[in-house]
Amino acid sequence: MAVADAVSVCAESECGTRASVERMLAFGRELYAMSQKLQQDQYVKSMLEDAFSLLAYSNPWDSPVGWQLEPVRREAVCEALNSAILGEYQ
């Protein structure tokens, strides 16, 4: 199914306007491109996998990757993420 077909299947009240869906798709493409650049570094790739794996648990604090939620780790992750984002836009 083409993107245009998927957009036309949804009613505006269910999926938003065509313009809003197109903006979401464009944003998704930007995120995907950025993630591909970031994943070239094995350390960054591992950090991304650990961070996204938190989403798989109903109680992420008690998960095998819950250590990332400790205040000290959150600060380090936030700093690394901010640096990566700022580096992308410079």
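Count the sequence shown with full-length UniProt numbering and you get residues 1 to 90, in order. Note that beta-carbon positions come from the ideal geometry of N, C-alpha and C, so glycine has one too.
- Note that the C-beta distance between valine 65 and aspartate 50 is below 9 Å.
- At the C-beta level, alanine 56 and serine 46 stay beyond 9 Å of one another.
- Inter-residue distance for asparagine 59 and glutamine 68 is about 13 Å (C-alpha atoms, whole angstroms).
- Taking the C-beta atoms as reference points, alanine 84 is found no nearer than 9 Å to leucine 25.
- When DSSP states are grouped into helix, strand and coil, valine 21 belongs to the helix group.
- In this structure glutamate 75 is not in contact with methionine 34, their Cβ atoms being roughly 22 Å apart against a cut-off of 8 Å.
- Residue Leu48 holds the alpha-carbon nearest to the alpha-carbon of tyrosine 32 among Ser20, Leu48, Val77.
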